[in-house]
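Below: the structure, in structure tokens.
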Amino acid sequence: MNKNVIYAALMFVVTMSSGKASAQQLPYQNPALSAHERAVDLCGRLTLEEKASLMLDDSPAIPRLGIKRFQWWSEALHGVANMGDVTVFPEPIGMAASFNDRMVYRVFDATSDEMRAKWNELQQKGGDVTRFHALSVWTPNVNIFRDPRWGRGQETYGEDPYLTSRMGCAVVRGLQGPEDTKYRKLWACAKHYAIHSGPEWARHTDNITDVTPRDLWETYMPAFKSLVQDAKVREVMCAYQRWDDEPCCGNTRLLQQILRNEWGFKYLVVSDCGAVTDFWENHKVSSNARNAAVKGVLAGTDVECGFNYIYKSVPEAVKYGALTEEEVDKHVIRLLEGRFDLGEMDDNKIVSWSKIPVSVLCSKAHRQLSLDMALQTMTLLQNKNEVLPLDKKVKKIAFIGPNVDNEPMMWGNYNGTPRQTITILDGIKSRLKKNQVVTFKGCDLVNDQTLDSYFDQCSMDGKMGFKGTFWNNREMNGKPVTITQEKNPVQVTTYGQHAFAPNVKLTGFSAKYETVFRPKQNAKVLLDVAACGHYEVYLNGEKKSEKSDWRTAESRIEFEGVKGKEYQIEIRYAEMPTYNANMKINIGHENPIDYQASLKQLKDCETVVFVGGISPQLEGEEMPIEISGFKGGDRTNIELPKVQRNFLKALKEAGKKVVFVNCSGSAIALTPETESCDAILQAWYPGQEGGEAVARVLFGEYNPAGKLPITFYKNSEQLPDFKDYSMKGRTYRYMNDALFPFGYGLSYTSFRIGDATLSNSILKKGEKITLKVPVSNVGKKDGTEIVQVYVKDPADTEGPLKSLKAFERVEVKAGKTAEAVITLDSRNFELFDAATNTVRAKAGKYEVYYGSSSADKDLKKLDVSIEY
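Numbering (mature numbering (1 follows the signal peptide of the UniProt record, and there is no 0)), first residue to last: -23 to -1, 1 to 845.
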């Protein structure tokens, strides 16, 4: 008998003997039965209306059957999100640069502990479940980062199907826990299924029709298939767009034929949020909400995430014969199985995960893990004349740039809020004396103007600045809890559990900022307001702007200020439920950046470390942004913003040694920067401990070993059309003229990869062969090399130039040689077969390349034959 059944039966006996159950216990209440048996029994006791209510991501309680309110929607992209104090790990694209799926597993094992701890705390307090407070987490994002302009590429594990599969499986296993336990720790979710990678601004209307069978099976599907079959992921999220005329969440071929029939998936399909609404509002494939619900249910979407909840019309659809109740039951049984599988319906005493304490949150061990992961993400792209590592004994050194002291940048997107963040400047300052460091921002990320603030020309009630009034409700009702006087430009956020003002709650609050501006001279004035939430801006009683968004939305209000006149300014703000709030207010006059003034401040510095790049406030999911280089969360070009490019050029022309730390979630075209900078370190969005990680690398306390999980192109001109989903000309697999290729990354030491040996050059069905690769460290520092193995079918002239099929991290002491031992079987040789329209390992000859990057110059070759 299965040991889990025995365990459950024993626990049932204990429960019975303790008076917690009775002889009249119903089958669905019996933990000794399988999740499926219990789900079938419970489904049979539900009314049709109750069944439909359970098919929503925010499922209401059904007290008569002991069913509690349940949330399917929560996020854990790189740590728990939107849930207060948690550990924030590096953004996934950075974790992919580690090529270390074992470390990724540890990160998500810790993340699932923190999510369970949050859940356990809520259960102990008897609190109500709210959005994001769930045992179902919509992670990982295993879409292929096919185009560097896509704003959500930072959420993925890069451009390669094999690397994405390895990393994605590690995420799922870390989140769900061991398969041989009775209950899953969490339910993970593979998203966004399928063929989904921007543009963000077109995702609700796009119809992708240009995907060849080769690209479908060789590029877009492998990670999803691997997560389903190898990692046993419990949820799959269908995407917004259409594929071959059918919306993904209403696409029978995707959800039935491929996912369930071919791959054997038997768990839950959830819609992306609002995707079913798109059927009739945007895609126009359904005539109304009821027909949209019917389409989603019949295609195989079990749970609808939405805001208008189209699935509420399911009972009506059954009444009119568009659906049968038996068809509805299939979906309800699956989602109930999930809740039983998580132990959510059972006594906490028999759910081992309920013992995880709140002390794991932001624990010392988890902070150390975040640091260890951040260190492994660091990717050194250039180091002319060994300008790095830096010397701590330097007399004077500068650390400048828009990201040098930028906390929110460190956290990435879909992030949690740490108790403490170490910015890059924090990491530096802890290593040098105050008189050694020159630091200032220098420029913004994109704007080539600086705002000379007129805050000192504003006053309210005789006091300089803006008056702030705060209420602990969203309607500005009743007596304020706090009144402040803001003497400096306002920049506040609830990120990191920071309140807007004393006595103001972190959620459910509103604010009013008001002042009278009295210009001292005639000038063009900019009132710059940006916030996450709902806000209105009034100038002399006239509404100039009103915005409401869960992402930061900016309003730039320009007017001619006349000396002697008064301008009444009022900004009303209301926090938006479930999202972190922020507010930025400044007023002043914009002037072009004075590079010469900055250079004067750097006159005593031989070396300048410029920390720039972009930020999650510029790239991300469907953002209300349209500025130079950025649109709707995506990028319109991949070059470094002009203001930073010019700043770096000015530094070089002034004779400085320039170290550029680039923070981004996507590839930046750094061709000019390879000339203007001596060293380039790609730091990604490195999480709460990222500043410490960057500092350790800069000062040589840690030898970087990261490798690019994406291609860094030379310029935007190398890119095909963004909306073209063909892989031709994209990624290392179909182009070989990169600035920095996939798999590339330098070290502070030097490695020499020797000639590999194969246990057998012929691979037969069901057998394995072993590849042994000697790696010699011929430098003076201990280091880690990542040996990469690529496969090519030379007979396939339409196929990829090469495809990653294996990798191994090898630690090598200075002056020593170590060996990477890599086992290969037929799955490592699976490529597209046009004859059968499938991915498989065909009999024949293959070229096996091994080395330190995907670039031809870094690879050696062996031949392998497959015989059946």
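Virtual Cβ for every residue (Gly too), placed ideally from N, Cα, C.
| field | Sequence-distant residues of the same chain with beta carbon closer than 7 Å to H173, five excluded per side | value | Within the sequence shown, numbered from 1, the residue matching residue 173 stands at position 196. Once the five neighbours on either side are set aside, the close Cβ partners of H173 are N120, A216, Q218.
| said: Given this structure, state the Cα-to-Cα distance separating T734 from K745, to the nearest angstrom. | reply: One-based indexing of the sequence shown puts residue 734 at position 757. One-based indexing of the sequence shown puts residue 745 at position 768. One C-alpha to the other measures close to 14 Å.
| request: May I have the straight-line CA-CA distance separating G154 from K326, to the nearest angstrom? | output: As a first step, residue 154 is located in the sequence shown; it is residue number 177 there, counting from the start. As a first step, residue 326 is located in the sequence shown; it is residue number 349 there, counting from the start. Those two C-alpha atoms are separated by around 18 Å.
| task | For Y82, collect the residues of the same chain with a Cβ closer than 7 Å to its Cβ; drop the 5 residues on either side in sequence, then sort them by chain order. | result | Within the sequence shown, the letter at position 105 stands for residue 82. Here the set comprises A147, R150, G151.
| query | Starting from C20 and walking both ways along the alpha helix (DSSP H), at which residues does that stretch end? | reply | If you number the sequence shown from 1, residue 20 lands on position 43. First-last of the alpha helix (DSSP H) with C20: 12 to 20.
| query | Among R786, A672, W661, I615, which one has its Cα closest to the Cα of Q695? | reply | As a first step, residue 695 is located in the sequence shown; it is residue number 718 there, counting from the start. Of the candidates R786, A672, W661, I615, the one whose C-alpha sits nearest the C-alpha of Q695 is I615.
| request: Using DSSP bridges, identify the partner residues of C509. | output: In the sequence shown, the residue the question calls residue 509 occupies position 532. In the DSSP output, where bridge partners are listed per residue, C509 has N559.
| query | Per the contact definition of three or more C-beta pairs closer than 8 Å, is the stretch 588 to 600 in contact with the stretch 101 to 115? | reply | no
| task | Return the CA-CA distance between T688 and N268, expressed in angstroms with no decimal places. | result | For this step, residue 688 is matched to residue 711 along the sequence shown. For this step, residue 268 is matched to residue 291 along the sequence shown. Spanning the two alpha carbons is a distance of roughly 43 Å.
| message | Which residue wins for smallest C-alpha separation from T446, given the options L357, V481, N814, A656? | response | What you label residue 446 is simply residue 469 of the sequence shown in a count that begins at 1. Here the closest residue by C-alpha is V481.
| said: Distance check for N59 and E630, CA to CA, integer angstroms please. | reply: Translated into positions along the sequence shown, residue 630 becomes position 653. Translated into positions along the sequence shown, residue 59 becomes position 82. Rounded to whole angstroms, E630 to N59 spans 45 Å at the Cα level.
| Three-state secondary structure (DSSP) at F284? | Taking the first residue of the sequence shown as position 1, residue 284 is located at position 307. Reduced to three states, the DSSP call for F284 is coil.
| said: In this structure, how does DSSP classify E652 when only helix, strand and coil are distinguished? | reply: Along the sequence shown, one-based indexing puts residue 652 at 675. Three-state result, E652: helix.
| query | Smallest Cα separation from S75: which of L23, M355, L338? | reply | Locating residue 75 in the sequence shown gives position 98, counting from the first residue. That would be M355, whose Cα lies nearest to the Cα of S75.
| field | Cross-strand partners of T470 (DSSP beta bridge) | value | The residue labelled residue 470 in the question sits at position 493 within the sequence shown. Answer is N559.
| Candidates I310, V291, Y160, A811: which alpha carbon is nearest L193's? | Here residue 193 corresponds to residue number 216 of the sequence shown, with the count starting at 1. The residue with the shortest Cα to Cα distance from L193 is A811.
| task | Identify the continuous beta strand (DSSP E) that holds Q462 and give its terminal residues. | result | Sequence index remark: in the sequence shown, residue 462 carries index 485 (1-based). It spans 459 to 463 - the beta strand (DSSP E) in which Q462 sits, taken as one unbroken run.
| request: Buried or exposed for Q131, please, with buried defined as at least 16 other CB atoms from any protein chain shown within 10 angstroms of its CB. | output: Translated into the one-based positions of the sequence shown, residue 131 becomes position 154. Its Cβ being crowded by 16 or more others within 10 Å, Q131 is buried.
| said: So, for I352: in the same chain, excluding its five sequence neighbours on each side, which residues have a beta-carbon less than 6 Å away from its beta-carbon? | reply: The count along the sequence shown starts at 1 and reaches residue 352 at position 375. Reading off the sequence, residue 352 comes out as Leu, not Ile. These residues qualify, in order along the chain: A670, Y679.
| request: Evaluate contact between the stretch 771 to 791 and the stretch 199 to 206, counting only Cβ atoms and requiring at least three cross-stretch pairs below 8 Å. | output: no
| request: Could you tell me whether the stretch 63 to 73 touches the stretch 657 to 664, where touching means 3 or more Cβ pairs closer than 8 Å? | output: yes
| task | May I ask you to report which of helix, strand or coil DSSP gives R528? | result | If you number the sequence shown from 1, residue 528 lands on position 551. If DSSP states are grouped into helix, strand and coil, R528 belongs with the strands.
| Among L367, V467, W388, R707, which residue has its Cα nearest to the Cα of K126? | Taking the sequence shown and counting its residues from 1, the one referred to as residue 126 is at position 149. The sequence as given places Arg at residue 126; Lys does not occur at that position. Of L367, V467, W388, R707, the residue nearest in Cα terms is R707.
| query | Which whole-angstrom value is the C-beta distance of L504 and E567, which I expect to be below 8 Å? | reply | What you label residue 504 is simply residue 527 of the sequence shown in a count that begins at 1. What you label residue 567 is simply residue 590 of the sequence shown in a count that begins at 1. That pair is no contact at about 12 Å.
| When the Cα atoms are used, what is the spatial distance from R528 to V816? | Within the sequence shown, numbered from 1, the residue matching residue 528 stands at position 551. Within the sequence shown, numbered from 1, the residue matching residue 816 stands at position 839. If you take the alpha carbons of R528 and V816, they lie about 40 Å apart.
| query | Are R622 and N77 close, meaning C-beta to C-beta below 7 Å? | reply | Indexing the sequence shown from 1 puts residue 622 at position 645. Indexing the sequence shown from 1 puts residue 77 at position 100. Not closer than 7 Å, so no.
| request: Let me know the secondary structure DSSP gives I591 once reduced to three states. | output: As a working mapping, residue 591 is identified with position 614 in the sequence shown. The answer is coil: DSSP assigns I591 none of H, G, I, E or B.
| request: Let me know the secondary structure DSSP gives M441 once reduced to three states. | output: One-based indexing of the sequence shown puts residue 441 at position 464. Strand.
| message | By the three-class DSSP mapping on this structure, what secondary structure does R83 have? | response | Locating residue 83 in the sequence shown gives position 106, where the first residue counts as 1. It is helical.
| For the stretch 389 to 404 against the stretch 359 to 369, are there 3 or more C-beta pairs whose distance is under 8 Å? | no
| field | With 16 other Cβ atoms within 10 Å as the buried cut-off, status of E523 | value | Position 546 of the sequence shown, counted from the start, is the residue given in the question as residue 523. The residue is exposed, with fewer than 16 neighbouring Cβ atoms inside 10 Å.
| task | Within the same chain, show all residues whose beta-carbon is closer than 7 Å to that of Q2, passing over the 5 residues directly before and after it, in chain order. | result | Sequence index remark: in the sequence shown, residue 2 carries index 25 (1-based). So no residue of the chain qualifies.
| said: Here's a check: name, in chain order, each residue in its chain whose Cβ is nearer than 7 Å to the Cβ of M386, leaving out the five neighbours to either side. | reply: Position 409 of the sequence shown holds residue 386. The answer, listed in chain order, is N380, S592, P593, C640, Y662.
| field | Per DSSP, cross-strand counterpart(s) of F47 | value | The residue you call residue 47 lines up with position 70 of the sequence shown. In DSSP, F47 forms a bridge with S36.
| said: Which of the three DSSP states is assigned to S382 in this structure? | reply: For the purposes of this step, residue 382 is identified with residue 405 of the sequence shown, where counting begins at 1. For the sequence presented, residue 382 should be read as Asp rather than Ser. The answer is coil: DSSP assigns D382 none of H, G, I, E or B.
| message | Count Cβ pairs between the stretch 327 to 339 and the stretch 96 to 103 that sit closer than 8 Å; are there 3 or more? | response | yes
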